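> Residues in the sequence shown are numbered consecutively from 6, following our numbering. Think of the CB as a built atom: it goes at the ideal place given N, C-alpha and C, for glycine as much as any other residue. All of these numbers come straight from a predicted model, not from anything done at the bench. Below are the structure tokens for one structure; questions will follow.
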Amino acid sequence: MKNIVSLLVLLAFCQTVQSQIDPTKFNNPIIKDQYTGDPAALVYKDKVYLYAGHDEAPNDFNFYKMNEWVVYSSSDMKKWESHPVPLKVSDFAWAKGDAWASQVIERNGKFYWYVTVEHGSVHGKSIGVAVSDSPTGPFKDALGKALITNDMTKFTDISWDDIDPTVYIDTDGQAYLFWGNTACHYAKLKENMTEIDGEIHHIKLPNFTEAPWIHKHKDWYYLSYAYEFPEKIAYAMSKSITGPWEFKGILNEIAGNSNTNHQAIIDFKGQSYFIYHNGASIPHGGSFRRSVCVDKLYYNKDGTMKRVVMTSEGIQ
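This is how it looks when you write it as structure tokens:
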């Protein structure tokens, strides 16, 4: 009799737990209608705009197949509205492929989209700039040529070191472009946002792989980036956007079922968020069919960031 009672208690407990696990409450990944990777985010007025590359690789194709970028918007970080495709590689006449990582920033009512593409005539990856009057586009090539080409940087011999642009406008109005793979580069931008102003600099960071992201919180500047391979996210801090940078350690562990990890960090309506991708979507997710997720981010009293906990529940 005692065993039967115990069994009934166990069954009741299991049913209670099961009732509490509601799949509709699993908000990660936040984009479920297509595979998306390399997220960037822009807070503009009362919305967050999410920009990502579209992973189009078929299930039996084990490399990146990316021809366009996509945009979604949200007022609460939970419900995301899809917008028409605002930009494709084919919108850059000088480029020949690969809609890799990118970021959008607003200045003086215009929106500038810095993108990674394969150059059509200069060997290697390059960075282009598109512009729009709306955060959802459509965007058009702002220069008619690349802003950064592989022959402009000599810190490493690889042909894919000029990727993953991130842009930040400092409090004095000076804009900066950071980018790189295996070597982290940065340069000032002119006020028109389409020209480099001065020389290209190099930052030494432990185990820097790619995906730099610049943000500021209170009095601190943060440079987060993909660390080692498979990639974790690490970060450094500074009181100046030009450094020196002090390495602070790991922020985010390897993202499930994905060799790469790519982050965006924003503040929205009083809360900090960490936006990233993983390859955990069923049935065909992976390193080349990724999905964007978001979880909350928290700071310690000394300004350091607490390690991000990746969750299935996401933002509730």
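Going straight from the alpha carbon of A45 to that of V109, what length do you get?
As a position in the sequence shown, residue 45 is number 40, starting the count at 1. As a position in the sequence shown, residue 109 is number 104, starting the count at 1. In a straight line, the C-alpha of A45 is about 7 Å away from that of V109.
> Could you give the DSSP three-state label for D138: helix, strand or coil?
Numbered from its first residue, the sequence shown carries residue 138 at position 133. Coil at D138, not helix or strand.
> How should E251 be labelled, buried or exposed, when 16 other C-beta atoms within 10 angstroms of its C-beta is the threshold for buried?
Along the sequence shown, one-based indexing puts residue 251 at 246. Exposed.
> Would you kindly report the start and end of the unbroken beta strand (DSSP E) that includes D43?
The residue given as residue 43 occupies position 38 in the sequence shown. Counting along the chain, the beta strand (DSSP E) containing D43 begins and ends at 41-49.
> Please list, in chain order, all residues of the same chain as T214 whose beta carbon is under 8 Å from its beta carbon, the five residues on each side excluded.
What you label residue 214 is simply residue 209 of the sequence shown in a count that begins at 1. Cβ within range, chain order: N186, T187, Y230, A231, Y232, E233, F234, E236.
> The beta strand (DSSP E) that contains M242, what's its start and end?
On the sequence shown, residue 242 is found 237 positions in, with the first residue counted as 1. It spans 237-243 - the beta strand (DSSP E) in which M242 sits, taken as one unbroken run.
> Taking the Cβ atom as the reference point for each residue, do W225 and I270 lie within a distance shorter than 8 Å?
Here residue 225 refers to the residue found at position 220 of the sequence shown. Here residue 270 refers to the residue found at position 265 of the sequence shown. For W225 and I270, no; Cβs fall outside 8 Å.
> Hey, which unbroken runs of the beta strand (DSSP E) at 3 residues or more fall wholly within the segment 175-224?
You should have 180-185, 189-194, 201-208, 213-222.
> Taking just the CA atoms, how far does G261 sit from P140?
Taking the first residue of the sequence shown as position 1, residue 140 is located at position 135. Taking the first residue of the sequence shown as position 1, residue 261 is located at position 256. Each residue's Cα considered, the two are about 30 Å apart.
> Beta-carbon within less than 8 Å of E86's beta-carbon, same chain only, minus the 5 sequence neighbours each way: which residues are those?
For the purposes of this step, residue 86 is taken as the residue at position 81 of the sequence shown. Closer than 8 Å at the Cβ level, and outside the excluded window around E86, lie Y77, S78, S79.
> For the putative contact between I132 and W184, defined by C-beta atoms under 8 Å, what is the C-beta separation to the nearest angstrom?
Along the sequence shown, read from residue 1 onward, the residue named residue 132 stands at position 127. Along the sequence shown, read from residue 1 onward, the residue named residue 184 stands at position 179. Confirmed, Cβ separation roughly 6 Å.
> Quick check: the Cα distance between V10 and N33, rounded to an integer number of angstroms?
In the sequence shown, the residue the question calls residue 10 occupies position 5. In the sequence shown, the residue the question calls residue 33 occupies position 28. Low confidence applies to V10: its pLDDT is 45, below 50, so where it sits in the model is not reliable enough to give any reading.
> How long is the line joining the alpha carbons of Y278 and L256, rounded to whole angstroms?
Here the question's residue 278 lines up with position 273 in the sequence shown. Here the question's residue 256 lines up with position 251 in the sequence shown. So the two alpha carbons sit approximately 13 Å from each other.
> Verify whether the separation of the beta carbon atoms of M82 and I320 is less than 8 Å.
Counting from one through the sequence shown, the residue named residue 82 turns up at place 77. Counting from one through the sequence shown, the residue named residue 320 turns up at place 315. Yes, these two residues count as a Cβ contact at 8 Å.
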